[in-house]
Amino acid sequence: MPRRDPREARALGLWTAGWLFALLLAGLLWIGDLAVQWPVLAVPLVWALVALRPRGGRRSRDEWPPDDDLAGWPPPDDVPPRTPPTRELPWLPDVPRDHRRSE
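Written out as C-alpha coordinates, the structure reads:
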(Lines of atoms letter the chains of each structure in order from A and count residues from 1; the text may use other names and numbers.)
(Lines give C-alpha, C1' and ligand atoms only; values in the text may rest on other atoms or scores of the structure.)
Protein backbone atom coordinates (compact mmCIF):
# COMPACT_ATOMS: atom_id res chain seq x y z
CA MET A 1 0.00 0.00 0.00
CA PRO A 2 1.52 3.33 -0.95
CA ARG A 3 2.19 5.83 1.78
CA ARG A 4 0.00 8.91 2.04
CA ASP A 5 1.55 12.30 1.63
CA PRO A 6 1.77 14.37 4.87
CA ARG A 7 -1.15 16.68 3.99
CA GLU A 8 -3.48 13.76 3.25
CA ALA A 9 -2.39 11.90 6.42
CA ARG A 10 -2.97 15.03 8.54
CA ALA A 11 -6.46 15.56 7.08
CA LEU A 12 -7.41 11.92 7.64
CA GLY A 13 -6.14 12.05 11.24
CA LEU A 14 -8.06 15.23 12.02
CA TRP A 15 -11.22 13.88 10.37
CA THR A 16 -10.97 10.69 12.45
CA ALA A 17 -10.30 12.65 15.66
CA GLY A 18 -13.30 14.89 14.97
CA TRP A 19 -15.67 11.97 14.46
CA LEU A 20 -14.26 10.17 17.50
CA PHE A 21 -14.83 13.28 19.62
CA ALA A 22 -18.41 13.68 18.33
CA LEU A 23 -19.31 10.03 18.89
CA LEU A 24 -17.76 9.91 22.37
CA LEU A 25 -19.51 13.12 23.35
CA ALA A 26 -22.84 11.81 22.04
CA GLY A 27 -22.34 8.59 23.97
CA LEU A 28 -21.48 10.43 27.16
CA LEU A 29 -24.50 12.70 26.89
CA TRP A 30 -26.83 9.81 26.07
CA ILE A 31 -25.60 7.07 28.44
CA GLY A 32 -22.81 8.39 30.62
CA ASP A 33 -22.21 11.14 33.11
CA LEU A 34 -20.28 14.00 31.55
CA ALA A 35 -19.30 15.41 34.97
CA VAL A 36 -17.46 12.18 35.84
CA GLN A 37 -16.40 10.72 32.51
CA TRP A 38 -15.15 13.85 30.72
CA PRO A 39 -11.48 12.66 30.69
CA VAL A 40 -12.38 10.18 27.95
CA LEU A 41 -12.65 13.18 25.60
CA ALA A 42 -8.87 13.60 25.91
CA VAL A 43 -8.42 10.59 23.61
CA PRO A 44 -9.55 12.37 20.42
CA LEU A 45 -7.62 15.48 21.48
CA VAL A 46 -4.41 13.47 21.74
CA TRP A 47 -5.30 11.85 18.40
CA ALA A 48 -5.60 15.31 16.83
CA LEU A 49 -2.27 16.41 18.32
CA VAL A 50 -0.61 13.33 16.82
CA ALA A 51 -2.21 14.11 13.46
CA LEU A 52 -0.90 17.69 13.62
CA ARG A 53 2.69 16.76 14.41
CA PRO A 54 5.28 17.79 11.84
CA ARG A 55 6.06 15.13 9.28
CA GLY A 56 8.91 14.77 6.86
CA GLY A 57 8.32 15.70 3.26
CA ARG A 58 7.68 13.08 0.63
CA ARG A 59 10.81 11.32 -0.53
CA SER A 60 11.41 10.24 -4.07
CA ARG A 61 11.02 6.57 -4.88
CA ASP A 62 14.80 6.24 -5.40
CA GLU A 63 15.50 7.02 -1.75
CA TRP A 64 13.33 4.22 -0.41
CA PRO A 65 15.05 0.94 0.32
CA PRO A 66 14.59 -1.40 -2.63
CA ASP A 67 12.05 -4.17 -2.42
CA ASP A 68 14.42 -7.10 -2.19
CA ASP A 69 11.82 -9.86 -2.07
CA LEU A 70 12.92 -10.61 -5.59
CA ALA A 71 16.61 -9.85 -5.16
CA GLY A 72 18.57 -12.51 -6.99
CA TRP A 73 15.45 -13.95 -8.62
CA PRO A 74 15.42 -16.13 -10.63
CA PRO A 75 18.35 -17.94 -9.04
CA PRO A 76 21.43 -18.71 -11.13
CA ASP A 77 21.53 -22.08 -12.91
CA ASP A 78 24.03 -23.59 -10.45
CA VAL A 79 21.73 -22.98 -7.44
CA PRO A 80 19.12 -25.67 -6.66
CA PRO A 81 15.47 -24.55 -6.93
CA ARG A 82 13.88 -23.03 -3.85
CA THR A 83 10.48 -21.77 -2.79
CA PRO A 84 9.63 -18.49 -4.52
CA PRO A 85 9.22 -15.51 -2.15
CA THR A 86 5.66 -14.87 -3.37
CA ARG A 87 2.87 -16.76 -5.08
CA GLU A 88 2.74 -14.14 -7.82
CA LEU A 89 5.93 -15.44 -9.39
CA PRO A 90 5.49 -17.44 -12.57
CA TRP A 91 6.27 -20.83 -11.04
CA LEU A 92 6.15 -22.67 -7.75
CA PRO A 93 8.53 -25.35 -6.49
CA ASP A 94 8.06 -28.93 -7.60
CA VAL A 95 5.74 -30.90 -5.37
CA PRO A 96 7.44 -33.97 -3.85
CA ARG A 97 5.99 -37.25 -5.05
CA ASP A 98 3.91 -39.32 -2.69
CA HIS A 99 6.24 -42.10 -1.54
CA ARG A 100 3.37 -44.29 -0.41
CA ARG A 101 2.51 -45.16 -4.01
CA SER A 102 5.98 -46.37 -4.92
CA GLU A 103 5.13 -50.05 -4.34
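Letter by letter, the sequence shown follows residues 1 to 103 in the UniProt record's numbering.
Here a beta-carbon is modelled for each residue, glycine too, at the ideal position from N, C-alpha and C.
Item	Value
Assigned exposure category for ALA17 - 16 Cβ within 10 Å defines buried	buried
Contact check, residue 110 vs ARG10, beta carbons under 7 Å	Absent from the structure is residue 110, since the part of the chain shown begins at 1 and ends at 103.
Alpha carbon of TRP30 to alpha carbon of GLN37, nearest angstrom	12 Å
Backbone CA spacing between LEU24 and PRO2 [nearest angstrom]	31 Å
Alpha-carbon spacing of LEU28 relative to ARG7, whole angstroms	31 Å
Local Cβ density within 10 Å of PRO39, reported as buried at 16 or more and exposed below that	exposed
Three-way DSSP call (helix, strand, coil) for PRO2 in this model	coil
As assigned by DSSP and simplified to three states, the class of ARG10	helix
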